[in-house]
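**Q** Structure incoming, see below.
Below, the structure is given as C-alpha cells:
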C-alpha cells in the first residue's frame, strides 16, 4: 500500500497565486462595502424591492450588487445608501497583519 502526501491548499494561497495584492485589496473593499449595504438594509427591515422604490435603483440591480455579480458605481451606491440614512466616507485603510507598512 502506497501513501501519497496530499498538500491541502487554502483559498488564500490560491488567491495570492492568481491575483495581485492590489486586486485582492480592491475585491476585499468591494465585498466590505456590499456587506455594509446589506447590513444597513436589513437593520432597517427593508427588502431589496422596497429599497429600489425608495432609491430609484431597480431590485435586479440591487440583487446583482449584493451578490457581487456586478461592480458598484459610486452614484448607485449613494442612491442606495441615502434612504438607509447612510453615506460614504474616505477613511484610512488598515494594513493587513502580513503586509509590510
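Numbering (this note's numbering), first residue to last: 33 to 133.
C-beta: ideal position from N, C-alpha, C; glycine also.
For residue 115, which three-state DSSP category applies?
**A** For the purposes of this step, residue 115 is taken as residue 83 along the chain shown, with counting starting at 1. Helix.
**Q** So what's residue 88 in DSSP terms, helix, strand or just coil?
**A** In the chain shown, residue 88 corresponds to position 56, counting from 1. Of the three classes helix, strand and coil, the one that applies to residue 88 here is coil, per DSSP.
**Q** Is the region 102-110 in contact with the region 54-67, if contact means three or more CB pairs nearer than 8 Å?
**A** These segments touch.
**Q** If you reduce the DSSP assignment to three classes, tell me which class residue 122 lands in.
**A** Within the chain shown, the letter at position 90 stands for residue 122. Three-state result, residue 122: coil.
**Q** Between the alpha carbons of residue 95 and residue 57, how many angstroms are there, rounded?
**A** Looking up residue 95 in the chain shown gives position 63. Looking up residue 57 in the chain shown gives position 25. Approximately 23 Å, taken between the alpha carbons.
**Q** Taking the straight line between their C-alpha atoms, what separation do you get for residue 117 and residue 59?
**A** Taking the first residue of the chain shown as position 1, residue 117 is located at position 85. Taking the first residue of the chain shown as position 1, residue 59 is located at position 27. Roughly 25 Å separates the two Cα atoms.
**Q** For my contact list, residue 104 and residue 97 are in at a C-beta cut-off of 8 Å; report their separation, rounded to the angstrom.
**A** Translated into the one-based positions of the chain shown, residue 104 becomes position 72. Translated into the one-based positions of the chain shown, residue 97 becomes position 65. Correct: roughly 5 Å between the Cβ atoms.
**Q** If you drop the 5 nearest sequence neighbours on each side, which residues of the same chain put their C-beta closer than 8 Å to that of residue 47?
**A** Within the chain shown, numbered from 1, the residue matching residue 47 stands at position 15. Closer than 8 Å at the Cβ level, and outside the excluded window around residue 47, lie 56.
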